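Trainee:
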Amino acid sequence: MAALSAPDMFKLGFIGAGNMAESIARGVAKSGVLPPASIRTTHRRTDRRLVFQSFGVKILETNAQVVDDSDIIILSVKPQIVKKVLVELKPFFSEEKVLVSIAAGIKLKDLQEWSGQRRIIRVMPNTPAAVGQAASVMCAGEMATKKDEERVASLFSAIGKVWTADEKYFDAVTGLSGSGPAYIYLAIEALADGGVAAGLPRDLALGLASQTVLGAAAMVNHTGKHPGQLKDAVASPAGTTIAGIQELERGAFRSTLMNAVVAATKRCRELSQT
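Below you can see the structure in the form of structure tokens.
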């Protein structure tokens with residue numbers, strides 16, 4: 001009988017202990033990818049330190065200590081302060097370490113220049129990470145190894161689904177999956193308002209709207225069928241659904257969503273150039 005291979009153990013550090021870092025750390029610990037004792041971070045605020053400590057994460061005193069005591073470092077600070085943070089931490093990086101950035105709009109070449117680090121991976125997750133349903137896209141720098149990519153993919157798989165794409169697509173990724181949850185929240189709110197307008201109690205309307213969106217997304221993911229095919233299966237001749245779809249077409253529903261993604265992508269491009 002073959003011996004069981006030992007799990008891949010490494011130390012994971014977070015620079016920036018905000019909501020996204022918390023979601024990733026919780027997902028990684030809960031899924032068993034790493035034990036909580038292998039995760040470390042720091043924060044000035046006691047309440048944030050206590051949140052991470054509550055599920056077993058090691059709290060250190062400074063960002064420099066986090067870098068020094070980690071194999072993979074996830075940079076989860078606001079994009080505006082990425083340069084300042086990386087320049088300060090530059091002396092503490094080394095060739096053995098992997099830098100992972102989830103800061104929107106910050107390119108690999110800038111991350112490398114500011115940190116002096118060569119093994120870098122960019123990841124764009126989104127806020128449903130908080131409930132283990134993130135859509136994350138990753139892109140590895142030239143010096144990142146296959147092992148680095150596998151480890152980082154395992155971390156982000158713990159909070160949802162992961163895709164790999166060239167860096168040139170990241171502005172569009174931000175416009176679609178990064179900003180997209182907000183578009184869907186608007187759609188859920190509008191569906192619920194429609195239910196109220198049609199006579200449903202508010203709680204029932206909101207519950208039906210959110211579960212309907214969840215169920216429809218699950219149908220697309222699990223059946224592998226094109227959304228148009230699934231839509232056709234609901235819309236019977238001269239029925240209720242096609243009457244509703246006709247109103248959506250009259251209001252340019254599809255075109256408006258397409259324009260939202262394009263506008264957000266354009267804005268991300270502008271921000272990354274400044």
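Read left to right, the sequence shown gives residues 1 to 274 (UniProt numbering).
Here a beta-carbon is modelled for each residue, glycine too, at the ideal position from N, C-alpha and C.
Computed from a predicted structure; not experimentally measured.
(1) Hey, quick one: how far does the beta strand (DSSP E) through VAL100 stretch, first residue to last?
(2) Which same chain residues, not among the five before or five after THR274, have their C-beta less than 7 Å away from its C-beta?
(3) Return the residue from the list VAL77, VAL100, HIS43, GLN53 that minimises the CA-CA distance to ARG26.
(4) For LYS161, which beta-bridge partners are listed by DSSP?
(5) Return yes when the Cβ of SER101 is within less than 8 Å of the Cβ of LEU60, no when it is not.
(6) Starting from VAL123, follow its DSSP beta bridges and name the residues at the other end.
(7) Closest to THR145 by C-alpha separation, out of VAL123, GLY160, GLU96, would be which residue?
(8) Since I believe ARG119 is in contact with MET138 (beta carbons under 8 Å), could you give me their beta-carbon distance rounded to a whole number of angstroms?
(9) Within 10 angstroms of the Cβ of MET124, are there 16 or more other Cβ atoms? Answer buried if so, exposed if not.
(10) Just checking my contact of SER157 with ILE188 at CB under 8 Å: how many whole Å lie between their CB atoms?
(11) How about ILE73 and VAL67: do their beta carbons lie closer than 8 Å?
(12) Which class does LEU34 belong to by DSSP, given the choice of helix, strand or coil?
(13) In the structure shown, what three-state DSSP assignment does ARG267 receive?
(14) Determine which residues share a DSSP beta bridge with ARG40 and list them.
(15) Rounded to the nearest angstrom, how far is the Cβ of ALA140 from that of ILE121, given a contact under 8 Å?
(16) Which residue marks the beginning of the beta strand (DSSP E) containing ILE73, and which one marks its end?
(17) Rounded C-beta distance between ARG151 and PHE10? I'm assuming under 8 Å.
(18) For the region 106-116 against the region 126-133, are there 3 or more C-beta pairs whose distance is under 8 Å?
(19) Would you tell me roughly how many angstroms separate the C-alpha atoms of ALA233 and VAL173, rounded to the nearest one?
(20) LEU155 to GLU249, Cα distance in whole Å?
(21) Buried or exposed for GLN246, going by 16 or more other Cβ atoms inside 10 Å?
(22) Quick check: the Cα distance between ALA264 and ASP166, rounded to an integer number of angstroms?
(23) Considering PRO181, what are the terminal residues of the alpha helix (DSSP H) in which it resides?
(24) Just curious, the alpha helix (DSSP H) that PHE170 is in, first and last residue?
(25) Rounded C-beta distance between VAL261 and LEU176? I'm assuming under 8 Å.
(26) Quick one: which unbroken beta strand (DSSP E) runs of 3-plus residues sit fully inside the region 217-261? Chain order, please.
(27) By the 10 Å Cβ neighbour count, where 16 or more other Cβ atoms means buried, how is ALA3 classified, buried or exposed?
(28) For TRP114, which residues from the same chain have a beta carbon less than 8 Å from its beta carbon, with the 5 sequence-adjacent residues on both sides left out?
(29) Where does the unbroken alpha helix (DSSP H) through LYS83 begin, and where does it stop?
Mentor: A quick look at the data gives this:
(1) Within the sequence shown, the letter at position 100 stands for residue 100. According to the DSSP assignment, VAL100 belongs to the beta strand (DSSP E) that extends over 98-101.
(2) Looking up residue 274 in the sequence shown gives position 274. Cβ neighbours of THR274 within its own chain (closer than 7 Å, five residues either side excluded): none.
(3) One-based indexing of the sequence shown puts residue 26 at position 26. The option with the nearest alpha carbon to ARG26 is GLN53.
(4) Within the sequence shown, numbered from 1, the residue matching residue 161 stands at position 161. Within the DSSP bridge table, the entry for LYS161 names ALA135 as partners.
(5) To locate residue 60, count along the sequence shown from 1; it is residue 60. To locate residue 101, count along the sequence shown from 1; it is residue 101. Not a contact, by the Cβ cut-off of 8 Å.
(6) Looking up residue 123 in the sequence shown gives position 123. In the DSSP output, where bridge partners are listed per residue, VAL123 has MET138.
(7) By one-based count along the sequence shown, residue 145 stands at place 145. For the residues VAL123, GLY160, GLU96, the minimum Cα distance to THR145 belongs to GLU96.
(8) On the sequence shown, residue 138 is found 138 positions in, with the first residue counted as 1. On the sequence shown, residue 119 is found 119 positions in, with the first residue counted as 1. Not confirmed; about 14 Å, so no contact.
(9) In the sequence shown, the residue the question calls residue 124 occupies position 124. Of the residues assessed, MET124 falls on the buried side of the cut-off, its CB having 16 or more other CB atoms within 10 angstroms.
(10) Looking up residue 157 in the sequence shown gives position 157. Looking up residue 188 in the sequence shown gives position 188. A Cβ-Cβ distance of about 26 Å is found for the pair SER157 and ILE188, leaving them out of contact under the 8 Å criterion.
(11) As a first step, residue 73 is located in the sequence shown; it is residue number 73 there, counting from the start. As a first step, residue 67 is located in the sequence shown; it is residue number 67 there, counting from the start. Contact flag set, yes.
(12) As a first step, residue 34 must be located in the sequence shown, where it is residue number 34. Taken through DSSP and simplified to helix, strand or coil, LEU34 comes out as coil.
(13) As a position in the sequence shown, residue 267 is number 267, starting the count at 1. Here ARG267 sits in helix by DSSP.
(14) Within the sequence shown, numbered from 1, the residue matching residue 40 stands at position 40. Paired residue(s): GLY13, LYS58.
(15) For the purposes of this step, residue 140 is taken as the residue at position 140 of the sequence shown. For the purposes of this step, residue 121 is taken as the residue at position 121 of the sequence shown. That pair is a contact at about 5 Å.
(16) In the sequence shown, counting from the first residue as 1, residue 73 sits at position 73. Counting along the chain, the beta strand (DSSP E) containing ILE73 begins and ends at 72-75.
(17) Residue 151 sits at position 151 when you count from the first residue of the sequence shown. Residue 10 sits at position 10 when you count from the first residue of the sequence shown. By a beta-carbon distance limit of 8 Å, ARG151 contacts PHE10. Their separation comes to about 6 Å.
(18) No: the two stretches stay apart, fewer than three of their Cβ pairs being nearer than 8 Å.
(19) For the purposes of this step, residue 233 is identified with residue 233 of the sequence shown, where counting begins at 1. For the purposes of this step, residue 173 is identified with residue 173 of the sequence shown, where counting begins at 1. In this structure, the CA atom of ALA233 is about 29 Å from the CA atom of VAL173.
(20) Within the sequence shown, numbered from 1, the residue matching residue 155 stands at position 155. Within the sequence shown, numbered from 1, the residue matching residue 249 stands at position 249. Answer to the nearest angstrom: the Cα atoms are 41 Å apart.
(21) Stepping through the sequence shown from its first residue, residue 246 is reached at position 246. Counting Cβ neighbours within 10 Å, GLN246 comes out exposed, since fewer than 16 surround it.
(22) Numbered from its first residue, the sequence shown carries residue 264 at position 264. Numbered from its first residue, the sequence shown carries residue 166 at position 166. Looking at the backbone, the Cα of ALA264 and that of ASP166 are separated by about 19 Å.
(23) Looking up residue 181 in the sequence shown gives position 181. Counting along the chain, the alpha helix (DSSP H) containing PRO181 begins and ends at 180-197.
(24) For the purposes of this step, residue 170 is taken as residue 170 along the sequence shown, with counting starting at 1. Judged by DSSP secondary structure, PHE170 falls within the alpha helix (DSSP H) whose first and last residues are 170-173.
(25) Reading the sequence shown from its first residue, position 261 is the one you call residue 261. Reading the sequence shown from its first residue, position 176 is the one you call residue 176. At roughly 5 Å, the Cβ-Cβ gap stays under 8 Å, so VAL261 and LEU176 are in contact.
(26) If we require 3 residues or more, the region 217-261 turns out to have no beta strand (DSSP E) run fully inside it.
(27) On the sequence shown, residue 3 is found 3 positions in, with the first residue counted as 1. Caution applies to ALA3, whose pLDDT of 47 falls short of 50 and renders its modelled position unreliable; the value that the coordinates give is listed next. So ALA3 counts as exposed.
(28) If you number the sequence shown from 1, residue 114 lands on position 114. Residues VAL82, LYS83, LEU86, VAL87, LYS90 of the same chain have their beta carbon placed closer than 8 Å to that of TRP114, with the five preceding and five following residues left out of the count.
(29) The residue you call residue 83 lines up with position 83 of the sequence shown. Element bounds for LYS83: 82-89.
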